[in-house]
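Protein chains in written order, with the working numbering: chain A, 764 to 1154; chain B, 190 to 605. Don't be surprised by glycine CBs; every beta carbon is placed ideally from N, CA and C. To keep things clear, I will list the structure first and then write my remarks on it.
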Amino acid sequence: MSRTRLGYEGVAIVSPATIPYQRFSIETAHWWIARALKESLDQAGLGPAEIDGFAVSSFTLFPDTAVGLTQHLGLCPRWLDHIPMGGASGIVALRRAARAVQAGDADIVACVAGDTNHIDSFRNLLSSFSRFSQDAAYPYGFGGPNANFALLMDRYMKDYGATREDFGRICVAQRQNALRNPNALMKKPLTLQQYLDARPISDPIALFDCVMPCAGSEAFLVMTVEEAQRRDLPFAVIAGTIERHNAYADDPVQFRGGWAMDIDELYHMADCAPSDIDLLQTYDDYPVISMMQFEDLGFCDKGEGSRFVQDRDLTIEGDFPHNTSGGQLSAGQAGAAGGYIGLVEAIRQVTAAAGPTQVPDASRAMVSGFGVINYDRGVCSGAAIIEGAKA
Amino acid sequence: MSEPIAPPGKKNPQRRTDVPQTPPQQRSRAALGLAAAAAEGRFMLQVCGDCGAVQYPPRDACSRCLSINLQWQDVSPGGRLVAETRVRATTDLYFRKQMPVRVGTVKLDVGPSVICHVHGDVGDGADVRMAIKLDRAGQGVMMALPVKETPFMEDDPRLREMSCTPRHRRVLVTDARNPNAPAIVSALAAAGAEKIFVGLSEDWRPNRHNDDIMAVPGVEMLPLDVTDSKSVEELAAELGGKTDILVNNARYVRPGGLMARNDTVFAQNEMDVNYLGLMRLAQAFGPAMCARTADGTNAAVAWVNILSAYAISNSPDYGCFSASNAAALSLSQNMRADFRTSGLRVLNVFVGPTDDDWHQELPPPKVPANTLARSLVQGLVDGLEDVYCGDVAKDMIERFRASPKIQEREMTGFRS
Chain A
764 MSRTRLGYEG VAIVSPATIP YQRFSIETAH WWIARALKES LDQAGLGPAE IDGFAVSSFT
824 LFPDTAVGLT QHLGLCPRWL DHIPMGGASG IVALRRAARA VQAGDADIVA CVAGDTNHID
884 SFRNLLSSFS RFSQDAAYPY GFGGPNANFA LLMDRYMKDY GATREDFGRI CVAQRQNALR
944 NPNALMKKPL TLQQYLDARP ISDPIALFDC VMPCAGSEAF LVMTVEEAQR RDLPFAVIAG
1004 TIERHNAYAD DPVQFRGGWA MDIDELYHMA DCAPSDIDLL QTYDDYPVIS MMQFEDLGFC
1064 DKGEGSRFVQ DRDLTIEGDF PHNTSGGQLS AGQAGAAGGY IGLVEAIRQV TAAAGPTQVP
1124 DASRAMVSGF GVINYDRGVC SGAAIIEGAK A
Chain B
190 MSEPIAPPGK KNPQRRTDVP QTPPQQRSRA ALGLAAAAAE GRFMLQVCGD CGAVQYPPRD
250 ACSRCLSINL QWQDVSPGGR LVAETRVRAT TDLYFRKQMP VRVGTVKLDV GPSVICHVHG
310 DVGDGADVRM AIKLDRAGQG VMMALPVKET PFMEDDPRLR EMSCTPRHRR VLVTDARNPN
370 APAIVSALAA AGAEKIFVGL SEDWRPNRHN DDIMAVPGVE MLPLDVTDSK SVEELAAELG
430 GKTDILVNNA RYVRPGGLMA RNDTVFAQNE MDVNYLGLMR LAQAFGPAMC ARTADGTNAA
490 VAWVNILSAY AISNSPDYGC FSASNAAALS LSQNMRADFR TSGLRVLNVF VGPTDDDWHQ
550 ELPPPKVPAN TLARSLVQGL VDGLEDVYCG DVAKDMIERF RASPKIQERE MTGFRS
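Here it is as structure tokens:
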């Protein structure tokens, strides 16, 4: 075992901002990122000149990066990061920013993710996603991520006897949660029968297993606890966090993510157990990935995911509140902002600011991220346990 | 077993012909190794020269030891299908017309997992035999096949997309006077060609092969002289829209190198048939064939050149003939570039000295016409780009790959 990590004491997460998603947008990623940044700064009563750290994630910023955005948005940070980790971007940005603030490299770091979605931009994004995908995945039917996840879902179902009904439960519960979120793109209830009867996309994946690509942006700020208290901002703290990349590379088909390598350390850092978690935000590009996270994050044993979703109620008022804003499956998949949606919602939850989706008495949330189908599996994974600050 | 494909009916002239599309073309340079392996029907992967780890997807450094010493090697094609899906939705215009596409993950016996096309006769979780095939983009792709042959296996829709099989197709063979014409026509008919047109130059002259050719069912002989632009254009106007495979077997060969002759008469004839003849055919038939690469069961699929193995490196005994074939080889590469967006494949069959009148003075081994015809048809069935037929052609390419300069020195060193 490696050295014991330092804790994340003294770091506050504040000002969770979500710009309502749109199915298609004529605007650019720059526009969406600017809006989320401003919304977050407005909440904290800050101006752009007052942040000295900036972390950005976006797929549609080309040809710009975080560098171009500093000039575009008039920022002068002394700490800058561009995080191309897709669904793990939020967790990773939080981890980087927290260390920067702890070390004094920055006082206030704005973490932002946003993407636009033009007609045909999803197709263009897919065709230039990664070299291994270009060389070894797309030439096989060009099913995009749907086909990749169909393969691992097929294997998972065969190995563990999970059924489509089991995955449907996750989707149906999230839709119920989304109906409370006025900004969710999906507005109609979803029944298990509708889930089962949906148009097949890439067997065993059908329409409601898939997220809807959209435009949107999310942001939060990381600063010292003293700074948050001085400004009288509600804040969350980091009890523990992990990340891992390219774990279990020899598994012929992915059935576990990098969380499984580090999860014990995460609970050890946070000094709590799975039963102490009030709500969970998984990265839900497909329900099978959420189920894999239930297992790898320690809420049930490997292969027990289907039993778990049969036994538990995943809605806001249930005994295991999960993806309370509706997640990407029902709120929409706003590119890299999909790597932030769970974290930003969790910050709202533990600071009692979630409004219509609020889980009563939520004080400790787990958030996990999963990103970048470089070839046949998600490569990046991360997780964090955050807690509402005690006054 | 696969569902046998029915012979295509008559084409509806009012329906728009499907527009040619290709699967994704873009690849990294390392991944082009798959196309090189597929061109010859080999199953090759990168193997680390330092630690022996087999790599996939193709890359620039070993994922076990970081060595950059990665070599493409023939490896065992065995594996097992561990996951599968049928892709039913895509944003890609080529695959949209192919839905659903069966795709799987195969765990190779040599190590890596590969995402691949899966033949319809492969059972759930079954052992498979992997092949690297050229797809319609001319790129090498992985395909899982049943370990043993199955009935009508080549009619699997995915495999047929990778193949240029003559089955149910119409073929033009350009030269009835070439002694190999009867063998080629017979082999095409045996492979299921629906119709075989054969070009005959100067049809007022007798041709000793006519009876053998006309004895093959489905053959029609038509006037064609590849040295005459007008003749080529006239036939293309009549046949261009229904030529699915063109086999250019027209050849002019006379022994002798540069200094054995004191004029350019034979050389001009060699260039006129072997190089300019190919050019005339390509310009006349190429556009029509390229427009019909998505035209159903009998879409246009391939263009076949029969080239001398001495196109690779000059054989001084046939020095001027070699030069004309080197020109044709170079032109065939130009054809590949120009045909790329349509998906029309150019198959080059390299052959050493053939067993005919113009190679009498050479010792064996010489390639009999039947052997050439068999290799050519098998190359079409397997969807190859380069076939080396006979021992001399195989020897030539092996020496070329070892060292082009040493080969040149060998070829030009000892004149008998």
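Pick from B/D310, B/D207, B/D239, B/P542 that is closest to B/S191, judged by C-alpha positions: Of B/D310, B/D207, B/D239, B/P542, the smallest CA-CA separation from B/S191 is found for B/D310.
Are three or more beta carbon pairs between the segment 826-845 of chain A and the segment 1014-1032 of chain A nearer than 8 Å? No, the segment 826-845 of chain A is not in contact with the segment 1014-1032 of chain A.
Of all the residues that make up the segment 208-220 of chain B, which are near chain A by a beta-carbon distance shorter than 7 Å? Taken in chain order, the members of the segment 208-220 of chain B whose beta-carbon sits within less than 7 Å of a beta-carbon on chain A are P212, P213, Q215, R216, S217, A220.
Rounded C-alpha distance that separates B/P212 from B/R469: So the alpha carbons of these two residues sit roughly 29 Å apart.
Is the distance from the Cβ of A/V1051 to the Cβ of A/Y1138 below 8 Å? Not in contact: A/V1051 and A/Y1138 (Cβ atoms no closer than 8 Å).
Are the segment 200-208 of chain B and the segment 372-391 of chain B touching, with three or more C-beta to C-beta distances below 8 Å? Of all C-beta pairs linking the segment 200-208 of chain B to the segment 372-391 of chain B, fewer than three are shorter than 8 Å, placing the two stretches out of contact.
Supposed close pair B/V538, B/C578 - CB separation, criterion 8 Å: Contact check for B/V538 and B/C578: beta-carbon distance about 6 Å, within the 8 Å limit, so the pair qualifies.
Do we get a CB-CB distance below 8 Å when we pair B/F284 with the residues of chain A? Contact of B/F284 with chain A is assigned, a C-beta pair being separated by under 8 Å.
Where does B/F341 land, buried or exposed, given buried means 16+ other C-beta within 10 angstroms? It counts as exposed.
For B/C578, which beta-bridge partners are listed by DSSP? According to DSSP, which records beta bridges pairwise, B/C578 is partnered with B/V540.
Buried or exposed: where does B/I257 fall if 16 or more other Cβ atoms within 10 Å of its Cβ makes it buried? B/I257 is exposed by the Cβ-count criterion.
When DSSP builds the beta bridges, which residues end up paired with A/P976? Note: A/P976 sits in a beta bridge opposite A/Q1096.
Residue environment, A/V830, which counts as buried when at least 16 other CB atoms sit within 10 Å: Counting of Cβ neighbours within 10 angstroms places A/V830 among the exposed residues, the total staying below 16.
Might you give, ordered along the chain, the residues of its own chain that have their beta carbon closer than 7 Å to the beta carbon of B/P406, omitting 5 neighbours on each side? These residues qualify, in order along the chain: A378.
How would you write the range of the beta strand (DSSP E) that A/A792 sits in, first residue to last? Per DSSP, A/A792 belongs to no beta strand (DSSP E); it is in the alpha helix (DSSP H), 792-807.
Does A/D1048 come within less than 8 Å of chain B when only Cβ atoms are used? No, A/D1048 does not count as interfacial toward chain B.
When burial is assigned at 16 or more other CB atoms within 10 Å of the CB, is A/M1054 buried or exposed? When all chains shown are included, A/M1054 counts as buried.
Using a beta-carbon distance below 8 Å, is A/A1154 in contact with chain B? For A/A1154, the pLDDT reaches just 44, beneath the cut-off of 50, and the residue's location in the model is therefore unreliable, although a value from the coordinates is still provided. Not closer than 8 Å to any Cβ of chain B, the Cβ of A/A1154 fails to qualify, so no.
Contacts of A/D1139 in chain B (Cβ-Cβ under 7 Å): Within chain B, the residues near A/D1139 are T294, S302, I304.
B/H398 - DSSP class collapsed to helix/strand/coil: In the three-state reduction of the DSSP assignment, B/H398 falls in the coil class.
For B/G430 versus B/R481, is the C-beta spacing smaller than 8 Å? A Cβ-Cβ contact shorter than 8 Å links B/G430 with B/R481.
Enumerate in chain order the residues of its own chain whose CB-to-CB distance from A/T791 is below 7 Å, with the five nearest sequence positions on each side excluded. Result list for A/T791: T879, in chain order.
Quick one: what does DSSP say A/A982 is sitting in, helix, strand or coil? Strand, per DSSP.
Mind checking A/R1127: buried by the 16 CB within 10 Å criterion, or exposed? Under this definition A/R1127 is a buried residue.
Euclidean distance between Cα positions of A/A1116 and B/Q210: Their Cα atoms are separated by approximately 52 Å.
Check the Cβ-Cβ distances between B/V454 and every residue of chain A, and say whether any is below 8 Å. Answer no: the Cβ-Cβ gap between B/V454 and chain A never drops below 8 Å.
Taking 8 Å as the cut-off, does the segment 1091-1102 of chain A touch the segment 865-877 of chain A (at least 3 CB pairs, one atom from each stretch)? A contact exists between the segment 865-877 of chain A and the segment 1091-1102 of chain A.
I'd like to check one pair, A/A860 with B/I304: are the Cβ atoms closer than 8 Å? No, the pair does not count as a contact, with Cβ atoms beyond the cut-off.
Under 7 Å by beta carbon: chain A residues contacting B/D281: Those within 7 Å of B/D281 in chain A are F905.
Counting Cβ pairs, one atom from each stretch, are 3 or more of them under 8 Å apart for the segment 280-288 of chain B and the segment 228-236 of chain B? Output reads no: the segment 228-236 of chain B does not touch the segment 280-288 of chain B.
Would a check of beta-carbon distances place B/P346 closer than 8 Å to chain A? Interface with chain A (8 Å Cβ-Cβ cutoff): B/P346 is excluded.
Thinking C-alpha only, which one of A/R938, A/T987, A/I782 is nearest A/L1077? Check the Cα spacing between A/L1077 and each of A/R938, A/T987, A/I782: the tightest is with A/R938.
Range of the contiguous beta strand (DSSP E) that encloses A/S821: Segment: none, A/S821 is in no beta strand (DSSP E) and carries neither H nor E.
Let me see if you follow: with CB-CB separation under 8 Å, is A/F1018 close to chain B or not? Taking Cβ atoms only, chain B never reaches closer than 8 Å to A/F1018, which makes this a no.
Within the segment 1018-1097 of chain A, note down every full beta strand (DSSP E) run reaching 3 residues or more, in order along the chain. The segment 1018-1097 of chain A contains these whole beta strand (DSSP E) runs: 1042-1044.
Grab me the residues of B/R609's own chain with a C-beta within less than 8 Å of its C-beta, minus the 5 sequence neighbours each way, in chain order. Here chain B covers residues 190 to 605 and nothing more, so residue 609 of chain B does not appear.
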